[in-house]
Amino acid sequence: MAKQVKLNVGIEDNLEEITLEIPESTPRPWDGQADLKYVSKRVPRVDGEAKTTGRAKYTFDIQLPGMLYGKFLRSQYPAAVIRKIDTSKAENYPGVKAIIPVQEKLPMIVRFAGQEILAVAAETRHQAEEAVKLIDVTYDVRKFVVNKEAAMEKSAPIVFDTNVEEKSAENKPGEESGSIEQKSNIRGPRVTPRDGTPDKVDAALAGSDATVEATFRTQVQTHSPMETHGVVAHWTAEDKLKCYASTQGVFHVRDELANTFSLPKSNVQVITKFMGGGFGAKLSMSIAGFMAAKLARKANRPVRLMLDRKEEHLCVGNRPDSVQTLRIGAKKDGKLTGIKLISYGTAGVGTGAGTSGPARNIYQYDEFYAEESDIFTNAGPGAAFRAPGHPQGAFALEQAIDELAHKLNIDPLEFRLLNTKHNDVRQVQLKIAAEKSNWKKRNPRPGADSGPIKRGIGIANSVWYYFYGQNFQVSTRVFSDGSVQVTNGVQDIGTGITTVIASVAAEELGLKPSDIVVSIGDSEYGFGPSSGGSVTTGGISPAVRDSAYLAKMRMFEIAAPLLETTPENLVAADGKIFLKTDPAKNLSWNDVAKKIPGDNFITIGERKQDYFQPKIRTIHGVHVIEVAVDTETGVVKPERVFAVHDCGRSMNLLTTESQINGGIIQGLSYALYEDRLLDRNTGIMVNPNFEYYKIAGSMDIPEIKSVILNVSYGHNSTGAIGIGEPATVATAGALANAIYNAIGVRLRELPMTPDKVLRALEMRKGAES
Amino acid sequence: MKKFEYGMAKNLAGAFEFLKESEAKIKAGGIDLLDLMKEGLESPTRLVNIRTVPELSFIKKDEKGNLHIGATTTLAEIAAHSEIQTRYRALAQAAKAVATPQIRNVATVGGNLCQRPRCWYFRSADFNCLRNGGDHCLADEGENKYHAIFGNQDGCVVVHPSGTAVALMALDAKLVIARKKESREIHIADFWVTPEDDVTRENILKHDEILTEIILPATEKSTTSYYFKQKEKQSFDWPIADVAVVLEMNGKKCTASKIVLGSAAPVPWRIEKAEQVLKDKQISVTLARQAAAAAMVDANPLSQNAYKVPVFSAVIYRTICWAAGIDPFAA
Ligand SMILES: Cc1cc2nc3c(=O)[nH]c(=O)nc-3n(C[C@H](O)[C@H](O)[C@H](O)COP(=O)(O)OP(=O)(O)OC[C@H]3O[C@@H](n4cnc5c(N)ncnc54)[C@H](O)[C@@H]3O)c2cc1C
């Protein structure tokens, strides 16, 4: 059965009425006029106290009776063939219970320094570490290549002599599968068929009044979550595996374990109650999960295998680097004619170094063409990392856009407005940025400040895409004492979905978020999404609301005869159920619950396809960054960030703001400090720590002010869209543009460290004289 | 990490007793030592904790006005000491600039002076660095962005890590070194060992010697000092350049000075050429810049650290100005 609803949808208060047909069993979607008590308000994290007091148990904290400690032996060479492994000394070391090679048969090919060779399980961590040192490996050391330019040369050592297929655990936009050519270390170029052709884009560029051509370089960034990768694996019966995992996808890991060990899904349980960050690197089980389970089976004891910081830097993912050559052009009136992007990058022994998302999806242009290639090197594999390809892409594109605006003598913000007319949300965001940030106060002439410390303001756009996933099942259980439990398998990777679930359910049931017990992070609960692609909130929240709505209807059915009315006349608010027309006629939630037959009832909400596809399917953001550049030391100090973002309807302004803050902080850290450095002579990482792999600390974080735009479409019951990834896309580009505004020189390479700033200033000085 | 015995010395005599064993090692705050032990680069069979020795932790003035600082005084205590803040400002600033508040609460000044270099090749068991017994310096032709621009032609290109050493050098500190019942006093400049002399060590201490105290000479009212540490980040970070400046002033004129650089060379690096520029002159921004330029004349950057030369120039002229109480950015 369907019902018709009228909704007022649009951007902020600029609303229009639509009529929509929705299933009878679902609530009227929250629209632009929804008057809500908890949702879209600032609700503190329901698990905040558990986290700050240390009561929250992360995978790292799991201790099981009889648990062993696992440790990997890793290759010290970036390229080698292993002929022989002698474990006899380690086997006799005290406490050692199991030793298992990663590859059963030798020879084994090693492709990067740090690659796992085997794993040991012992009674204590110390014993496992010492035992690993006793293993003799006979390496046949090969020539390696860690520099991607060198890897592209004909004479370069070959990293893979077979074709590599891309396996991606996350939706990546604009990536059509199909086999991609691989020649020596170069996989690609990948060309997207729906783009134009080189000839067409060249013609468009030739017909431009101004063009910019420039090459941009970005570095390898490691994910560096607070909690490293790892699992505790426990065989509770011969054919039953229970696994505590620090993962972004309990169901995905469950599937991987079930497949690996040929177990039915019903016999594998993956648990992630609290998780210390993943940023895309923890979408799959990782070799740690696989080996821990093997060791546990062999030793017949639970095994904990958590990586240390060094291993985390080396082996479990990174944001690939890039070299991007962009050509863009525009007419005198500022209209973009074409964008051509040639991009290559290395994800080490992995794939996925593409960067074209921003260039393809932010602006309107006549012609677009991109070629993207992965270069294989003897380095740890890349992995999906918070908006894969996009911070890199935006760093290049947004500087090129800026440069073109300067060439045409058009205000860079105005230029962005001119070329995004197709996108109402972006238009509103750019106008807010123009009005509310200090944009208008920036240097009209770059580098105009006197004195060695110069200030500037820069702007950049962000883009991401609305993904959500389907068939997730959320259950709401109401007990006869009035307590409420909302359950789904989804994991909270730190973004705050637990609080969102509590808020959405509380809103619908007329209770407080603290009244709702949220049970998540367990593959034995209802199906939930992997947290990748910014899908979690948009994927789960409608199912939460729909299940709570059904629970409310059940409560109304029980309450109606008691209040001498029919269910449709009832509302729930402030812990009461009462007559719409006469609130004085009410019953408390708990009194109604007492009448629940038996002990409790359960309702299920299911994430179905959206009612319709929203007109705008991208997610946007604008960052305006103010910076101070010391032109004598080259030190760059961001001073203020103003950000405008949208995510449909924010489910919780506090946690949304946290995502924006986090995205900006991670973006600044990427822009200024982080850099995985491999020793050119040995291929070994020289900075696998937080001392010389530099990460922004509290003192490096400027004032951040964000505006969260409310965009309602009415496409499902909550209207939530993701924010995790879009929040980090624009930052490095905006900062680079701010630096240009400050010093009049463009930095086309990340990270923008003092050496690069000074070199750029020096080169300009050279050019001037 | 290898197994080791752990002894808590109650007094100096007890500490020396523990140190009899040849593989014994002193632990003060343990910040540096434990890192090296975990990496397997130091494997003492016995650790002697000297933080439990009360007679090593003090700050006191003698009748001649010299200030004595016990070796296990923490960096936090030094940074917060009001007399050090006023009379030996550079030292208070240097202590305050080290690492993080947590580390400063535990790290001792003695340990800070004796800590080993932070070169990434030296600090990692993945590499066989010259200082750890390898046959050549891996940084010289490897990744050397944070390495030495002076004194880097003797095989090893590490930079000296201690911030307080830089200030103490400029302040003409003396060190007291004790061995059993004997003790001797040396000038801090004579404490360091260059790679040319011995690439496996950074100072002259023997394994059974303890640095017991630091003596700062009495200062005149006309002495002024300043320490500045330039980092890439604002949060905890090692310096890319740090410098201590001590000026003897006669009215507006500088009669003598000491300028010492950290993170520049394998040992704290005094720059007499720059000191000469200041001698008997009135300090101005221009003069300070000339001194900074003179300081960099002999710089010999490696493949990736040429940027440190302009960074040092900036930090030196600014620190001279701050020491003299003038604004380096005044137009
Ligand atoms: C994250 C981080 C950042 C840091 N940043 C800085 C920085 O910016 N600037 C800086 O200067 N330092 C920095 N440090 C280093 C830190 O300051 C030193 O490790 C610390 O000061 C060492 O002091 P300790 O008392 O812990 O020494 P310990 O580790 O106990 O000892 C260090 C060495 O000195 C020897 N030793 C100690 N005391 C004596 C003594 N009285 N007599 C003889 N030998 C002795 C020990 O045997 C050992 O070999 C940083 C350290 C970390 C971890």
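So the protein sequences, as listed, match chains A and B. Under my numbering, residues -14 to 754 are what the first sequence spells out, in order. Under my numbering, residues 6 to 336 are what the second sequence spells out, in order. Beta carbons are placed, not taken as given, at the ideal position from N, Cα and C, and that holds for glycine.
| Asked | Found |
| --- | --- |
| Taking only runs of the beta strand (DSSP E) that begin and end inside the segment 69 to 133 of chain A, which ones reach a length of at least 3 residues, in chain order? | 81 to 86, 93 to 95, 101 to 107, 121 to 126 |
| Taking only beta-carbon positions, decide if A:Met684 is within less than 8 Å of chain B. | yes |
| Restricting to Cα atoms, I'd like to know which of A:Glu549, A:Thr551, A:Glu553, A:Ala578 is closest to A:Lys561. | A:Ala578 |
| So, A:Gly365 versus A:Gly668, is the Cβ gap smaller than 8 Å? | no |
| Excluding the five sequence neighbours on either side, which residues of its own chain have a C-beta within less than 7 Å of the C-beta of B:Phe127, listed in chain order? | Cys134, Arg136, Asn137, Val163 |
| Could you check the C-alpha separation between A:Gly333 and A:Asn170 for me, to the nearest Å? | 10 Å |
| Buried or exposed, going by whether 16 or more other CB atoms sit within 10 Å of the CB of B:Val302? | exposed |
| Kindly list the residues whose CB is nearer than 7 Å to the CB of B:Pro222, restricted to its own chain and excluding five residues on each side of it in sequence; keep chain order. | Asn71, Asp177 |
| Is it the case that the Cβ atoms of B:Arg109 and B:Thr79 are separated by a distance below 8 Å? | yes |
| Consider the C-beta atom of A:Pro63 and the heavy atoms of ligand 1; say whether any pair is separated by less than 7 Å. | no |
| Please identify the residue among A:Asn244, A:Gly495, A:Glu296 whose C-alpha is closest to the C-alpha of A:Asn674. | A:Glu296 |
| Return the chain-ordered list of same chain residues with a C-beta closer than 7 Å to the C-beta of A:Tyr23, the five sequence neighbours on each side being excluded. | Ser488, Ala491, Glu492, Pro498 |
| Given B:Ser262, which residues of its chain have a CB within under 6 Å of its CB, disregarding the five upstream and five downstream residues? | Leu252, Glu280, Leu283 |
| Closer than 7 Å to a non-hydrogen atom of ligand 1 - does that hold for the CB of A:Asp685? | no |
| Counting pairs of beta carbons, one from the segment 676 to 685 of chain A and one from the segment 222 to 242 of chain A, are three or more of them closer than 8 Å? | no |
| Which complete beta strand (DSSP E) runs does the segment 71 to 112 of chain B hold, if anything under 3 residues is left out? | 72 to 75 |
| With DSSP run on the structure shown, which of helix, strand or coil describes A:Glu198? | strand |
| Give a yes or no on contact between the segment 515 to 528 of chain A and the segment 697 to 708 of chain A, applying the rule of three or more CB pairs nearer than 8 Å. | yes |
| What in chain A is Cβ-close to B:Leu143, meaning under 8 Å? | Asp664, Asn666, Thr667 |
| Measuring only the C-alpha atoms, how far is B:Lys8 from A:Phe57? | 22 Å |
| List in chain order: all unbroken beta strand (DSSP E) runs of 3+ residues lying wholly within the segment 8 to 48 of chain B. | 10 to 13, 29 to 32 |
| Check the DSSP bridge columns for A:Tyr329 and list the partner residues they point to. | A:Val308, A:Ser358 |
| Can you tell me where the alpha helix (DSSP H) holding A:Asp567 begins and where it ends? | Counting along the chain, A:Asp567 falls outside any alpha helix (DSSP H), though it belongs to the beta strand (DSSP E) covering 567 to 573. |
| So, does the segment 36 to 49 of chain B touch the segment 227 to 241 of chain B, judging by three or more C-beta pairs under 8 Å? | no |
| Would you say A:Asn77 lies against chain B (beta-carbon separation less than 8 Å)? | no |
| Please name the residues in the segment 43 to 61 of chain A whose beta-carbon is closer than 7 Å to at least one beta-carbon of chain B, in chain order. | Gln61 |
| With three or more beta-carbon pairs closer than 8 Å as the criterion, would you say the segment 128 to 139 of chain A touches the segment 76 to 89 of chain A? | no |
| Name the two residues that bound the continuous alpha helix (DSSP H) containing B:Gln295. | 290 to 300 |
| Please return the same chain residues whose Cβ sits closer than 7 Å to the Cβ of B:Ala3, not counting the five positions on each side in sequence. | A query on residue 3 of chain B cannot be resolved here, the shown segment of chain B reaching from 6 to 336 and no further. |
| In chain order, what residues of the same chain have a beta carbon less than 7 Å from the beta carbon of A:Lys416, not counting five sequence neighbours either side? | none |
| Rounded to the nearest angstrom, what separates A:Ala154 and A:Lys267 at their Cα positions? | For A:Ala154, the predicted structure reports a pLDDT of 45, less than 50, and the residue's modelled location is therefore unreliable. The matter cannot be settled from this model. |
| Residues of chain A with CB closer than 7 Å to the CB of B:Ala319, please, in chain order. | Glu617, Thr618 |
| A:Asp32 to A:Leu572, Cα distance in whole Å? | 30 Å |
| If the criterion is Cβ atoms closer than 8 Å, does the pair A:Thr716 and A:Ala656 meet it? | yes |
| Over the uninterrupted alpha helix (DSSP H) stretch that includes A:Met748, give me the two end residues. | 739 to 753 |
| In whole angstroms, what is the alpha-carbon distance linking A:Val235 and A:Ser508? | 6 Å |
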